[in-house]
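Worksheet for the structure shown next.
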Amino acid sequence: MLEVLACAKINLTLDITGLLPDGYHELETVMQSVALCDRLVFSLRPQGIELQTDSPFIPAGPENLVYRAAELLQRVTGCRQGVHIFLSKNIPASAGLGGGSADAAATLAALNQLWSLGLSREELFGLAEKLGADVPFCLAGGTVLARGKGELLTPLKPLPPLGVVLVTPPLAVSTAQIYREYDRLLPGVHPDTPAMVTAIERRDIMAVAALLGNILEPVTATLYPQVYVVKKALKAAGAPGVVMSGSGPTVFGLCRDEGEARRVAARLDPGLGRILYTRFCCHAIKLAVITGCR
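In this text, residue positions in the sequence shown follow our numbering: the first is -18, and each later residue adds one.
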């Protein structure tokens, strides 16, 4: 059996720079792994894919990216082995934190090992692209500048383990709807991603906090004003930098360390939504072989 921890991501900047020939939005985003993780356990079975989750709200069939990642590996490699996967969710779902993408990336890495497929890093990244825009980053992890649909990755100098407060309002946000609204509204304030990259290279933490930005934030907040309510609360609680992650609705506050993040989180009204605190980390996936019984 293999146990895998799959890390969530946040977007320090998120910008849309144009449209690609296939109609997808062209992105430029600085992404960061955080230590909030889902846990997946993989065990061999003679055939078939069986997915079990600890949440009644998470699908356990082909609509789940974990299941689709396993199916994709079988189809591409011709592998006839089966697997049972247990998924324990800690990352809020559909929240702009890449939880499904992280789980899919973990599945690619774990089954490549468990099924002895021998796929190269480049081959795994090629499969990750087929599953979703955030999946390649969720294989790579750390601090990364991503372009294209999210598959063109440039590693950046790792940042120290800064603290992060995550607040996820109880909202169901559709990523597709947010991008449609972006195309309609075309908000004009773009984050300064080159300046963010420079601040990261210089390890200038206060500049990083000041340069946080997300072109989709005003779009999501127009539809869901609670996003701005959460932003205001995080700033009032003392977070040096605050921005929405991905297409939302999660808003995060960047802090100097995990201790400060814990203190900021304690000052927030629980009615804002699900409140978590964590820290930056330099990896996306941790695999461990499980021996004996559990």
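Don't be surprised by glycine CBs; every beta carbon is placed ideally from N, CA and C.
Candidates the options: closest to residue i by CA position
| i | options | result |
| --- | --- | --- |
| Ser226 | Lys216, Thr201, Leu133 | Thr201 |
| Val178 | Glu7, Met12, Glu(-16), Gly(-1) | Met12 |
| Glu(-16) | Gly79, Ile(-3), His6, Ser24 | Ser24 |
| Ala191 | Ser97, Pro172, Gly123, Val208 | Pro172 |
| Glu241 | Gly144, Ser155, Thr(-6) | Gly144 |
| Arg26 | Gly4, Gly63, Val57, Gln55 | Gly63 |
| Asp115 | Leu78, Met187, Lys213 | Leu78 |
| Val154 | Gly169, Lys130, Gln207, Pro251 | Gln207 |
Chain-order list of residues whose beta-carbon lies under 6 Å from that of residue i (same chain, five-residue window excluded)
| i | result |
| --- | --- |
| Glu31 | His65 |
| Arg260 | Ala16, Pro142, Gly144, Glu239 |
| Arg248 | Ala218 |
Whether residue i touches residue j by CB criterion (8 Å)
| i | j | result |
| --- | --- | --- |
| Leu21 | Ala86 | no |
| Ala(-11) | Ala83 | yes |
| Cys236 | Gly123 | no |
| Ala265 | Ser14 | yes |
| Pro221 | Met187 | yes |
| Thr174 | Asp(-4) | yes |
Enclosing alpha helix (DSSP H) for residue i [first to last residue]
| i | result |
| --- | --- |
| Met187 | 186 to 191 |
| Met(-18) | Taken as a continuous stretch (DSSP letters only), Met(-18) belongs to no alpha helix (DSSP H), as it is neither H nor E. |
Beta-carbon contacts of residue i that lie in its chain and below 8 Å, excluding the five residues immediately before and after
| i | result |
| --- | --- |
| Ile159 | Leu197, Val200, Thr201, Leu204, Ser228, Gly229 |
| Gln33 | Ala41, His65, Ile66, Phe67, Leu68 |
| Ile39 | Asn45, Leu68, Lys70, Ala74 |
| Asn93 | Leu54, Gly99, Leu100, Leu105 |
| Arg49 | Pro43, Ala85, Leu112 |
Close-in-space but distant-in-sequence residues of the same chain around residue i (CB under 7 Å, 5 per side omitted)
| i | result |
| --- | --- |
| Val125 | Met12, Phe118, Leu134, Thr135, Pro136, Leu137 |
| Leu257 | Leu17, Leu147 |
| Asp19 | Ala(-13), Leu68, Ser69, Lys70, Asn71, Ile72, Gly80, Ala83, Asp84 |
Residue range of the beta strand (DSSP E) that includes residue i
| i | result |
| --- | --- |
| Pro136 | 133 to 136 |
Alpha helix (DSSP H) runs contained entirely in the segment 68 to 113, provided each spans 4 or more residues = 80 to 95, 102 to 112
What are the uninterrupted segments assigned as beta strand (DSSP E) that are 3 or more residues long and contained completely in the segment 114 to 167, given in chain order?
-> 124 to 129, 133 to 136, 144 to 149
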